[in-house]
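So the sequences go chain by chain: V and Y. All residue numbers for the first sequence refer to my numbering, where the first residue is 68 and numbers rise by one. All residue numbers for the second sequence refer to my numbering, where the first residue is 1017 and numbers rise by one.
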Amino acid sequence: MSASCYEGISNRWSDEVRKSRDYKVIRNDNCYKAGFYDSFIFESEYQDIRDYIEKIKVQYEGIPFEHCFQGDTLSTPAGMCYRIQSVEKIPQREKEQCRIKEHYLSDLTLVFGIGKKTAEVLHGKGCRSIRDLLRIRQFREEAAWCLKIIEESDPENVNLMLSKRHRSSHPYALLSSDLFTDRDTIFLDIETLGLFSRPIILFGIAIEREGSLLIEQYLLREIAEEPASISAVLEFLYEKPVLVTYNGKSFDIPYIKERASFYGFNLDISLPHYDMLHVARSRYKNELNNCRLSTIEREVLGIFREHDIPGVLVPELYEEFLNSGNSGLLIPLIEHNRQDLISLALLFHYIKKETYEGR
Amino acid sequence: MKADEFVHYIKESPSFRECIEYIQEMPEKKPEYGDIDIKPADPLNRFLEENNLKLYSHQTKALRCMREGKNILLSTPTASGKTLAFNIPVFESLFFNKKGTALYIYPAKALTNDQLNSLKFLENKTGICVFPAVYDGDTSTHKRSGIRENSRIILTNPYEINAVLAWHHKWERFFSSLQVIVIDEVHQYRGIFGSQMAYLIRRLKRVVQYYGKSPIFFLSSATLANPLEFAEQLIGEKFTFIDTDGSPKGARYFILYNPGKSLSRELSVHGETVRLLTESVKNGLHTLCFTQSRQMAEQISLWSNERLFQFKTGKKDEIASYRAGYLPKDRRKLENDLKTEQIKALVSTNALELGIDIGSLDVVILSGYPGTMISTWQQSGRAGRRNTTSCSILVAFPDPLSQYYVNHHEVFFGSPNEEAIIDLTNPFIISGQVLLASAELPVNPVSDAVYFPYDLHEAVESHRKSKLLANTLKGYVYCGRKRPYELIPLGTISGISYLVLCHGKVIETLSLNQAYREAYPGAILLHQGEKYLSNMLDLDNHIVHVERTDVEYFTKPLKDITLDLIKEDCESKWEFGRLVKGEVSVTECYSAFKKIEGDNIIGIEPLSLPILTFTTKSLFFTLNHEIIQIMSENGFDIAGSLHGAEHALIAMMPLLVLCDRRDIGGLSTPFHISTGCPTVFIYDGYEGGIGLTDRAYERFGDLISAAYTVVKECTCTHGCPSCIYSPKCGNENQPLDKRGTIMILSSLARSFKNVSQ
């Protein structure tokens, strides 16, 4: 049939897409209604953001993308992509290998056969360290094995031991990141057009160097830049860094893997990966209403964001940008992603410090 | 009494014999074993020998073709050892290739579970480890990754494949070792669902090709008139056809029973079904009876039990009824009761066609033609599985198709007539499938034309303009906000599909056209033989709310159709005009609906639905002055004659192509603005068309000759349900002129005699 027929059909699909929303705006901020929806946004919050966005749109009307976002164009074998670099100071922290060993040695439950209760009993009998268990015949062999791993401090082996005895949300699991002395720690956060099977529109990466976060954001000027941006991000991952994310185990990393394989890139690497959502959940579930990163940074780190856009609005903002060409629409997106990376780094250090100090 | 004695008894009995149109005798068939030199690999051969099993000829043929790397289409009847015919070659292949995998696709969930058990059994007996597992919507999340990582045979259905293709990177291990794809019951993939299935298969092939594999396809199908053409269209590959059945069969009788044939009395199909059923049970025969609806199943079992009780021959409740949606527990009880002769007979809707094992039966009664020859043979195949004589009886309704069959047993028992049709050119299906593909791997309009041979460029270009696709160096990629497989459901044509909800549970999805036709507020909707009342048709959210109901009436919409011709594709001449195939725009306006109980209209209620306009494919023929003049001279009503011809043609469509008459629409008019002549249009009742009228155009000679025959042979004078009345007519079957209809049909039949377009 004719080409015009196909245009009619395409328009019908895109109307369907436009009509569908992944979230619900809750009228009158009725918090009792919110419980019915997987993702929602309160009406007042929604209004504030829309007002703010309308303001930026006017402000940035006609201003070219490259003026909005100071950055450079990278050329990769998969095409061009656009990189925005910035630096953020954060409190410097040394990696504390010695204190880790102390902590691990004091954790008797690392030894196979010792649960919480047995550990308490043993503690009462004066066993303060795994070393002390060498005296007890029943645990001697297992304790010796643990001791060897802790003494050698090979981070991969330590992680393997931890993963056998603790959930990944256990604060001690986090400490092992300090053992990777020769690797960079990178913080990663992506923004997408939806939940899987759709493009990633912004890749945020922060590397920690001597009290600074070097932030690189790869923002798609058009969808065509996705493969190149992925290949740029993969370059970071091929360097085998230590990865820190917020919900990255179920979202960011599988998503990147899916998109990489969609474009035919090889992503056959496994990295040490610390997912702070798991840690935050087990740490704050009784103290906070929810464990969104924005909630935690406000309640725990005392950071207040102004005009932050909720993640659920990201797809439509980007779509509006594609349709209108107004780059201002992406400013809240870039800011949101950048703050997420910073808060993630701060939270990572905060919880580690708390663990070291034995709170 | 045995089945052959029963046949003899019926034949001689004065109260039955006047309705018997024909008795076909099918002699006993001895087994044909395959070439003994063709043995499967050791563990399988040992299994066969230990169990004293010999492969039949079609089974060894399948094995040989598989070894030669050929795609296989197997078409043998029910109970011919089809399962073993797949499983032996597949297991052999996975035995030689220790990492190899196989995918089994079934149209329904119930079938995957049966098959899983036979695969586990074979794995157990042969020691060939294939870890068979079902992977579908019911598979729990925590089991999924284990199955993907370890299973070498995965059983699933099209819906699941549609959903998982976008996640293909998780299937890398399975896809990169995929040896064979088994697709059972392929004849079910026809019409809209089949056309989408054809593209789903192509998407699967595209993804598997990405992992470097081109697996063999092994299909099974019921008997079709066009098996190879159909399989090649569905899969896009060449096939080797195996249809010589080597399995043994007991002798069978098939009786064509026509209550309308009785001159002395007015007999109804249901009354005669009850008489035949009770007679059969009285004579101690194990009987299964198929009806067209659940209510009829219940009624017939009730009436039959009462009748048996009157005769004082036996206990009450010797006859039970069965319907879809029974719990497994109830099913097993019924199976068991029937086997242990607690009950003598079962009355069922066609829900029983699949999945339930009730052993061998003596008599099967089909109360009404089941709609397709495939179902007819599947249902009658329930009788006499191996070496006993059995009997099937078809009790025919007074509708044109059934009457044609019972009066033309040579067609009924002859070589298959029905074609399974899919349409790869429907733009709605192409458009949607291209979107789905673009979310799986980037689409390249040049190299992907292998998978999308029609209009790929147009589809991609218009998606790009609508910003659903973006161009990258790797190809076109999906960039809409909504997940494409949620946007485009299988089984309906356009993005706008209506979910039918009963107490919050989805029971069916309908296309826009179907929703207007069948689910308007107040409509009685039939689903698996059950009646549902439509409470609300929510046009904004595309939802139909229904509830179960037991009312006696059914509903019929009154509609006005107008039709504009868009373009003509092919044309041929007949004695008095033109026959044309082309594209049309149809406007349907539903103004009211009738409630009908029995033959009485018990109410008419208005409808306020927006007007529905869609583009589809159509065939039409025109009449010139000459014939109009002759007809006028004879005093025929032109409009009534055209109307009758339209009804007769539509009624006979299912003879040639597997479809329901409601899949097809028609319009006849003494003057049409686009043609300037009296014209009869027949069109596919779905947006973009699904190939039905395309095929009817190609086989117009066959269609017209059947339509002419059935009208000519009907003994009525002014038209009746057996010839030119249509139960779906939106104009109350007014006007109709039977003599004029015969005149049009006869001259058309003369013109197209022995002509294939």
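By construction, the Cβ of each residue, glycine as well, lies at the ideal position given by its N, Cα and C atoms.
Counting the other Cβ atoms within 10 Å of the Cβ of His-1519(Y) gives fewer than 16, which makes it exposed. Taking a Cβ-Cβ threshold of 7 Å, the residues of chain Y close to Asn-78(V) are Ser-1482, in chain order. Take the alpha-carbon of Ala-1182(Y) and the one of Val-1596(Y): they are about 42 Å apart.
Counting other Cβ atoms within 10 Å of its Cβ, Glu-1021(Y) stays below 16 and is therefore classed as exposed. Residues of the region 266-300 of chain V that bring their beta carbon within less than 7 Å of a beta carbon in chain Y comprise Pro-266, Glu-289, Ile-290, Ala-291, Glu-293, Pro-294, in sequence order. Under the DSSP assignment, Ser-1406(Y) falls in the beta strand (DSSP E) whose first and last residues are 1406-1411. Runs of alpha helix (DSSP H) with 4 or more residues, each lying fully within the region 1422-1500 of chain Y, are found at 1425-1429, 1443-1454, 1472-1481, listed in chain order. For Phe-329(V), the residues of chain Y that pass the 9 Å Cβ criterion are Ala-1182, His-1184, His-1185, Ala-1455, Glu-1456, Leu-1457, Pro-1458, Lys-1490, Val-1493, in the order they occur in the chain. Between Phe-109(V) and Ile-93(V), the C-beta spacing is below 9 Å. Scanning Thr-1307(Y), Ala-1722(Y), Ala-1765(Y) for the CA closest to the CA of Gln-1419(Y) turns up Ala-1722(Y). In this chain, Arg-1533(Y) is not harboured by any beta strand (DSSP E); it is covered by the alpha helix (DSSP H) spanning 1528-1534.
Rounded to whole angstroms, the separation of the alpha carbons of Leu-1417(Y) and Glu-1295(Y) is 27 Å. Using beta-carbon distances, Asn-356(V) does not count as an interface residue toward chain Y, since no partner is under 9 Å. With its beta carbon at least 9 Å from every one in chain V, Leu-1708(Y) lies outside the interface.
For the region 339-384 of chain V, the full-length alpha helix (DSSP H) segments reaching 4 residues or more read 343-351, 360-366 along the chain. Chain-order list of chain Y residues neighbouring Leu-260(V): Cys-1495, Arg-1497, by C-beta distance under 7 Å. Listed along chain Y, the residues sitting closer than 9 Å to Ser-81(V) by beta-carbon distance are His-1479, Ser-1482, Lys-1483, Leu-1484, Gly-1496. Under the DSSP definition of a beta bridge, Cys-1035(Y) lacks any partner. Here Ala-291(V) has Gly-146 as same chain residues with Cβ atoms under 8 Å from its own Cβ, once five neighbours each way along the sequence are excluded. Per DSSP, His-1663(Y) has no beta bridge partner at all. For Ser-279(V), the enclosing beta strand (DSSP E) starts and ends at 279-286. Against chain Y, a Cβ distance below 8 Å from Val-92(V) picks out nothing, because the smallest value is about 16 Å. With 16 or more other Cβ atoms from the protein chains shown falling within 10 Å of its own Cβ, Arg-1268(Y) counts as buried. Of the other Cβ atoms in all chains shown, fewer than 16 fall within 10 Å of the Cβ of Gln-205(V); this residue is therefore exposed.
Given a length threshold of 4 residues, each whole run of the alpha helix (DSSP H) inside the region 84-164 of chain V is given here in chain order: 98-101, 110-127, 132-135.
In the displayed model, Met-1017(Y) falls within coil according to three-state DSSP, outside both helix and strand. For Ala-1336(Y), DSSP records a beta bridge to Leu-1362(Y). In terms of Cβ geometry, Phe-1102(Y) and Val-1223(Y) do not form a close pair [threshold 9 Å]. Around the beta carbon of Cys-165(V), fewer than 16 other beta carbons lie within 10 angstroms, which makes this residue exposed.
Counting C-beta pairs with one atom in each stretch, the region 1455-1465 of chain Y and the region 1232-1241 of chain Y have fewer than three that are closer than 8 Å, which means they do not touch. The beta-carbon distance between Ile-1177(Y) and Leu-1220(Y), rounded to whole angstroms, is 6 Å. This is short enough to meet the 8 Å contact definition. Take the alpha-carbon of Val-1673(Y) and the one of Tyr-1699(Y): they are about 14 Å apart. By the neighbour-count criterion, in which a residue is buried when 16 or more other Cβ atoms sit within 10 angstroms of its Cβ, Pro-1622(Y) is exposed.
For the C-beta of Ser-1447(Y), the chain V residues within less than 8 Å are, from N- to C-terminus, Tyr-73, Ile-76, Ser-77, Trp-80.
Closer than 8 Å at the C-beta level to chain Y, one finds these residues of the region 129-160 of chain V: Ala-145, Gly-146.
Looking only at Glu-1037(Y), Tyr-1038(Y), Leu-1069(Y), Leu-1060(Y), the smallest Cα-Cα distance to Tyr-1049(Y) is reached by Leu-1069(Y).
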